[in-house]
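In what follows, a single structure is set out as structure tokens and then discussed.
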Amino acid sequence: MSKLTISADLCSACGSCVDACPFGALTLEGDVPEVSDQCTFCGACVDACPAEAITLERDQAADVADITSYHGVWVWVEQFRGQACSISWEMLGQGRKLADQLGVPLTACVLGHNVRGVAQEAIAYGADRAFLADDASLAAYRTDPYAAVLVRLVREHRPEVFLLGASARGRDLAGAVATDLRTGLTADCTGLDIDPETRLLRQTRPAFGGNIMATIICPNYRPQMATVRHRVFEVPPADTARQGQIVQVPAAMGEAAIASQVVDFVMEAGQVNLADAHIIVSGGRGVGGPEGYAPLQALADALGGALGASRAAVDAGWIPYAHQVGQTGRTVKPDLYIACGISGAIQHLAGMQTSKVIVAINKDPEAPIFNVATYGIVGDLFEIVPALTAEFKKRLGK
Ligand SMILES: Cc1cc2nc3c(=O)[nH]c(=O)nc-3n(C[C@H](O)[C@H](O)[C@H](O)COP(=O)(O)OP(=O)(O)OC[C@H]3O[C@@H](n4cnc5c(N)ncnc54)[C@H](O)[C@@H]3O)c2cc1C
Numbered sequence: 589m590s591k592l593t594i595s596a597d598l599c600s601a602c603g604s605c606v607d608a609c610p611f612g613a614l615t616l617e618g619d620v621p622e623v624s625d626q627c628t629f630c631g632a633c634v635d636a637c638p639a640e641a642i643t644l645e646r647d648q649a650a651d652v653a654d655i656t657s658y659h660g661v662w663v664w665v666e667q668f669r670g671q672a673c674s675i676s677w678e679m680l681g682q683g684r685k686l687a688d689q690l691g692v693p694l695t696a697c698v699l700g701h702n703v704r705g706v707a708q709e710a711i712a713y714g715a716d717r718a719f720l721a722d723d724a725s726l727a728a729y730r731t732d733p734y735a736a737v738l739v740r741l742v743r744e745h746r747p748e749v750f751l752l753g754a755s756a757r758g759r760d761l762a763g764a765v766a767t768d769l770r771t772g773l774t775a776d777c778t779g780l781d782i783d784p785e786t787r788l789l790r791q792t793r794p795a796f797g798g799n800i801m802a803t804i805i806c807p808n809y810r811p812q813m814a815t816v817r818h819r820v821f822e823v824p825p826a827d828t829a830r831q832g833q834i835v836q837v838p839a840a841m842g843e844a845a846i847a848s849q850v851v852d853f854v855m856e857a858g859q860v861n862l863a864d865a866h867i868i869v870s871g872g873r874g875v876g877g878p879e880g881y882a883p884l885q886a887l888a889d890a891l892g893g894a895l896g897a898s899r900a901a902v903d904a905g906w907i908p909y910a911h912q913v914g915q916t917g918r919t920v921k922p923d924l925y926i927a928c929g930i931s932g933a934i935q936h937l938a939g940m941q942t943s944k945v946i947v948a949i950n951k952d953p954e955a956p957i958f959n960v961a962t963y964g965i966v967g968d969l970f971e972i973v974p975a976l977t978a979e980f981k982k983r984l985g986k
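When we follow the numbering used here, the leftmost residue of the sequence shown carries the number 589, and every step to the right adds one.
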């Protein structure tokens, strides 16, 4: 058992350790802080103490024994109104690869109401087992009841890896679950694999404003939790003949204990679904203003595509944030991405460079976007885009 000791002789009762404790495990009522059983022996208080009054003796053997009791890869399957979100199948596809590398089973966690079909689909997409929490209180996503089910399941069954999609709900839920379980969470990963020597999950994501890719490990806590953005991984083929086990589990909170109520869902007017678009015509600062998007919209309409944007254009207020592609916008992977007047900053590339075909239109032949482009057109977008629209319309008979 690890042990935290506070020296009464050295402690000045300054409270630095209380402020530094991420788990609220220290309280200062007398001369020396009291340590509650909320303490995870993370060591934050040791580093924070200016008087070096706190010592931590870690019981490495106990920690390792505890960690080795965790087994299996889990994926949270997100659904909205009974329909699974495609990001969940992407996560299951990657989860399957990780589980196979580790030689462990893959489990899907399906929460909702009347969602047995989603659990069945999860088996088709690669899960060996699906936990199904089907209850009226879980019909619409709410943090508390969803997190309570997952936390209870994790405590009971101890998975070593737990993956969630980095959607709005997934990000919210992952943070709540990781906090309750006091484990690490790497958000917005762009790559996941297993270190063959240590069996640790290697979680790769952009860091320092996208200038480096950091690979993060979580050696001391379980489960190793990560969220991954939409369209980073491929959706695996579904095999409806696949057999798996569906395990019904109860909700973990009664309605009376849940602090929030869903009154209504209001869909945002003019909502864009960039993540699922097969063709995206995207405009950056080079479009010159909000009116500069009109020729791009005409090209997108001719091709049946969606309109994207760089952050520079969004920050300038020319187009809403929902259109932003990149590190702090959407990650997209269309069949065709046409970048117009976009220089190709690393943060923009982070959101679109895995597109199948990239066409870049830029009047600067040295623009970095040409380094990732399949086809580059050097010139003024206000001449090239209308010419492309006219030609596509002619060829498509529009
Ligand atoms: C933490 C962080 C997160 C970020 N997240 C994102 C993000 O999610 N998405 C994102 O896009 N950026 C993001 N950025 C900003 C990013 O660094 C760039 O500033 C931004 O992508 C630049 O946008 P741009 O290419 O439209 O503008 P610029 O870099 O100014 O490029 C405009 C381009 O248009 C060309 N051009 C001008 N006029 C014409 C014309 N008539 N015809 C053809 N070409 C023309 C120019 O030659 C130039 O190459 C982020 C930055 C940080 C620090």
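We put the CB at the ideal spot given by N, CA and C, even for glycine.
- Query: Between 943, 745, 891, which lies nearest to residue 983 when the distance is taken from Cα to Cα?
  - Reply: Numbered from its first residue, the sequence shown carries residue 983 at position 395. Of the candidates 943, 745, 891, the one whose C-alpha sits nearest the C-alpha of residue 983 is 891.
- Item | Distance between residue 670 and residue 535 (C-alpha atoms, nearest Å) | The first residue shown for the chain is 589 and the last is 986, placing residue 535 beyond what the model contains.
- Message: Below 7 Å, is the gap between the Cβ of residue 969 and the nearest heavy atom of ligand 1?
- Response: Your numbering for residue 969 matches position 381 in the sequence shown. Within the cutoff, so yes.
- Query: Can you list the alpha helix (DSSP H) stretches of 4 or more residues lying completely in the segment 598-637, in chain order?
  - Reply: 604-608, 632-636
- Query: To the nearest angstrom, how far is it from the Cα of residue 691 to the Cα of residue 656?
  - Reply: Here residue 691 is taken as the residue at index 103 of the sequence shown, counted from 1. Here residue 656 is taken as the residue at index 68 of the sequence shown, counted from 1. Rounded to whole angstroms, residue 691 to residue 656 spans 14 Å at the Cα level.
- Query: Which residues in the same chain as residue 830 place their Cβ atom closer than 7 Å to its Cβ, once the five residues preceding and following it in sequence are excluded?
  - Reply: Position 242 of the sequence shown holds residue 830. Excluding residues within five positions, the ones whose Cβ falls inside 7 Å are 711, 712.
- Residue burial classification, residue 629 (beta-carbon count within 10 angstroms, cutoff 16): Here the question's residue 629 lines up with position 41 in the sequence shown. Its Cβ being crowded by 16 or more others within 10 Å, residue 629 is buried.
- Message: Does residue 965 come out as helix, strand or coil in the three-state DSSP assignment?
- Response: Along the sequence shown, read from residue 1 onward, the residue named residue 965 stands at position 377. Residue state, collapsed to three classes: strand.
- Alpha carbon to alpha carbon, what distance is there between residue 763 and residue 746? Here the question's residue 746 lines up with position 158 in the sequence shown. Here the question's residue 763 lines up with position 175 in the sequence shown. Each residue's alpha carbon lies about 18 Å from the other.
- Task: Return the Cβ separation of residue 683 and residue 699 in integer angstroms, given the expectation that the two are a contact with Cβ distance under 8 Å.
- Result: Reading the sequence shown from its first residue, position 95 is the one you call residue 683. Reading the sequence shown from its first residue, position 111 is the one you call residue 699. Actually they are not in contact, since the Cβ atoms of residue 683 and residue 699 sit about 17 Å apart, beyond 8 Å.
- Item | Bridge partners - residue 664, DSSP secondary structure assignment | In the sequence shown, residue 664 corresponds to position 76, counting from 1. Beta-bridge pairing links residue 664 to 697.
- Is residue 993 near ligand 1, with its Cβ less than 7 Å from a heavy atom? Coverage of the chain is limited to positions 589 through 986, which leaves residue 993 absent and any answer about it impossible.
- Message: On the DSSP letters alone, give me the boundaries of the alpha helix (DSSP H) that residue 735 sits inside.
- Response: Taking the sequence shown and counting its residues from 1, the one referred to as residue 735 is at position 147. From DSSP, the alpha helix (DSSP H) with residue 735 extends over 731-745.
- For residue 876, the nearest candidate out of 779, 753, 902, 932 (CA to CA): Taking the sequence shown and counting its residues from 1, the one referred to as residue 876 is at position 288. The shortest Cα separation from residue 876 among 779, 753, 902, 932 belongs to 902.
- For residue 689, which of 843, 790, 931 has the nearest alpha-carbon? As a first step, residue 689 is located in the sequence shown; it is residue number 101 there, counting from the start. Taking only the C-alpha atoms, the option nearest residue 689 is 790.
- Task: Return the CA-CA distance between residue 908 and residue 888, expressed in angstroms with no decimal places.
- Result: The residue given as residue 908 occupies position 320 in the sequence shown. The residue given as residue 888 occupies position 300 in the sequence shown. When rounded, the distance between both Cα atoms is 17 Å.
- Just the Cα atoms here: how many angstroms apart are residue 687 and residue 739? To locate residue 687, count along the sequence shown from 1; it is residue 99. To locate residue 739, count along the sequence shown from 1; it is residue 151. Roughly 21 Å between the two C-alpha positions.
- Separation of residue 920 from residue 985, as counted between CA atoms: Taking the first residue of the sequence shown as 1, we reach residue 985 at position 397. Taking the first residue of the sequence shown as 1, we reach residue 920 at position 332. Whole-angstrom Cα-Cα distance: 28 Å.
- Task: For residue 816, write down the residues that DSSP places opposite it in a beta bridge.
- Result: Here the question's residue 816 lines up with position 228 in the sequence shown. Its beta-bridge partners are 753, 777.
- Query: Tell me which same chain residues have a C-beta within less than 6 Å of the C-beta of residue 956, skipping the five on either side of it?
  - Reply: As a working mapping, residue 956 is identified with position 368 in the sequence shown. 932.
- Query: How would you write the range of the beta strand (DSSP E) that residue 645 sits in, first residue to last?
  - Reply: Position 57 of the sequence shown, counted from the first residue, corresponds to residue 645. 642-645 is the extent of the beta strand (DSSP E) around residue 645.
- Per DSSP, cross-strand counterpart(s) of residue 801: Sequence index remark: in the sequence shown, residue 801 carries index 213 (1-based). Residue 801 pairs with 794.
- Message: Using C-beta distances below 7 Å, list every residue in its chain close to residue 951, excluding the 5 sequence neighbours before and after it, in chain order.
- Response: Residue 951 sits at position 363 when you count from the first residue of the sequence shown. Answer for residue 951: 966, 967, 968, listed in chain order.
- For residue 620, which option in 610, 600, 627 has the closest C-alpha, if you only look at C-alpha atoms? For this step, residue 620 is matched to residue 32 along the sequence shown. Here the closest residue by C-alpha is 600.
- Collapsed DSSP secondary structure at residue 722 in the structure displayed: Here the question's residue 722 lines up with position 134 in the sequence shown. If DSSP states are grouped into helix, strand and coil, residue 722 belongs with the strands.
- For residue 897, which of helix, strand or coil comes out of DSSP? By 1-based counting over the sequence shown, the position of residue 897 is 309. Strand at residue 897.
- Task: Please determine, among 732, 720, 942, 741, the residue with the shortest C-alpha to C-alpha distance to residue 960.
- Result: Looking up residue 960 in the sequence shown gives position 372. Checking every option, the nearest Cα to that of residue 960 belongs to 942.
- Message: Excluding the 5 residues flanking residue 803 on each side, which residues of the same chain have their C-beta closer than 6 Å to its C-beta?
- Response: Stepping through the sequence shown from its first residue, residue 803 is reached at position 215. Contacts found: 790, 792.
- Secondary structure of residue 871, DSSP reduced to three states: The residue you call residue 871 lines up with position 283 of the sequence shown. In the structure shown, residue 871 sits in a strand (DSSP, three-state: E or B).
- Query: For residue 849, does the three-state DSSP call read helix, strand or coil?
  - Reply: Sequence index remark: in the sequence shown, residue 849 carries index 261 (1-based). Coil at residue 849, not helix or strand.
- On the DSSP bridge assignment, give the partners of residue 702 in chain order. The residue you call residue 702 lines up with position 114 of the sequence shown. In DSSP, residue 702 forms no bridge with anything.
- Message: Taking 7 Å as the cut-off, is the C-beta of residue 951 nearer than that to any heavy atom in ligand 1?
- Response: Along the sequence shown, one-based indexing puts residue 951 at 363. Yes, the beta carbon of residue 951 sits closer than 7 Å to at least one heavy atom of ligand 1.
- Bridge-paired residues (DSSP) for residue 833: Here residue 833 corresponds to residue number 245 of the sequence shown, with the count starting at 1. 717, per the DSSP bridge assignment.
- Item | residue 675 versus residue 756: straight-line alpha-carbon distance, rounded | As a working note, residue 675 is residue 87 in the sequence shown. As a working note, residue 756 is residue 168 in the sequence shown. Their Cα atoms are separated by approximately 12 Å.
- Item | Span of the beta strand (DSSP E), counted from its first residue to its last, around residue 904 | Residue numbering aside, residue 904 sits at position 316 when the sequence shown is read from its first letter. Premise fails: residue 904 is in no beta strand (DSSP E) and is neither H nor E.
- For residue 633, which residues from the same chain have a beta carbon less than 7 Å from its beta carbon, with the 5 sequence-adjacent residues on both sides left out? As a working note, residue 633 is residue 45 in the sequence shown. Result list for residue 633: 605, 608, 609, 614, 642, in chain order.
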